[in-house]
Amino acid sequence: MFAAEGLTAPMREIARHAGVGPATLYRHFPTKEQLFAEAFAERLRACYAVVDDGLADADPWRGLRTVIERLGELYARDRGTIAALVSAFPGALDFTADRERALKSLGELVRRAKDVGRVRPETTLDDIVLVLMAAGGIQAATPAARASAVRRYITIAINGLRAVPTLHD
């Protein structure tokens with residue numbers, strides 16, 4: 001449910017989809033935040049690894065571009081995972097600490113790419129988060145069409161972030 005609907009999936013629908021009653025779901029997960037943190041722990045670690053890989057790239061522009069592309073691909077398949085990366089749930093403290101670390105690393109990658117003149121100087125971490133959030137809003141008739149549309153959007157967004165936009169890298 002979270003993969004298809006993101007954070008907006010209603011708890012009652014999640015319970016129905018899981019084949020349990022709402023009371024059972026709430027007994028195990030008193031809040032949506034706790035359920036979400038548990039459901040996405042492994043997928044979020046994959047997102048953090050993407051950011052870490054980008055940060056480790058010797059070319060900060062290539063690293064940033066790869067992070068945006070890979071996270072965009074994840075978002076095309078699973079809206080909930082990237083929503084978790086860019087959203088804050090105050091009750092999920094373990095999740096919040098990892099999320100903040102990943103966002104700090106992503107911000108560092110943006111700074112490095114600006115320092116070498118590959119990203120527009122006014123670009124901020126918030127711009128990257130906005131690009132990823134906007135990718136989640138893309139709707140299409142089929143999953144394949146959605147993935148294609150997200151890839152196209154990400155390409156256009158990356159070109160807009162580039163210090164000197166071009167159609168191809």
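Everything in the sequence shown is counted per full-length UniProt numbering, starting at 1 for the first residue and increasing by one.
By construction, the Cβ of each residue, glycine as well, lies at the ideal position given by its N, Cα and C atoms.
Buried versus exposed call for residue i [16 or more other C-beta atoms within 10 Å across all chains shown]
{"i": "E100", "result": "exposed"}
{"i": "K104", "result": "exposed"}
{"i": "P143", "result": "exposed"}
Local conformation of residue i per DSSP, three classes
{"i": "V20", "result": "coil"}
{"i": "R62", "result": "helix"}
{"i": "R99", "result": "helix"}
{"i": "V119", "result": "strand"}
Residue i versus residue j - alpha carbon distance
{"i": "P10", "j": "P30", "result": "13 Å"}
{"i": "C47", "j": "G21", "result": "31 Å"}
{"i": "A102", "j": "R112", "result": "15 Å"}
{"i": "E42", "j": "R12", "result": "24 Å"}
{"i": "V51", "j": "E73", "result": "14 Å"}
{"i": "V131", "j": "L71", "result": "10 Å"}
Which listed residue (the options) has its alpha carbon closest to that of residue i
{"i": "D78", "options": "L161, Q139 and R12", "result": "Q139"}
{"i": "R44", "options": "T96, M133 and Y153", "result": "In the sequence as presented, Arg is not what sits at residue 44; that position holds Leu. The shortest C-alpha separation from L44 is found at T96."}
{"i": "I158", "options": "T123, Y75, A144 and A147", "result": "T123"}
{"i": "A39", "options": "L25, G107, P121 and V50", "result": "L25"}
{"i": "A135", "options": "A149, F36, R62 and R27", "result": "A149"}
Cβ-based neighbour list, residue i, same chain, cut-off 8 Å, excluding 5 preceding and 5 following
{"i": "G117", "result": "A163"}
Residue-level contact to chain B via CB, residue i, 8 Å cutoff
{"i": "R120", "result": "Although the question refers to chain B, the structure presented lacks it and comprises just one protein chain."}
Contact set for residue i: own chain, Cβ-Cβ below 6 Å, skip 5 residues either direction
{"i": "A147", "result": "A76"}
{"i": "T66", "result": "G54"}
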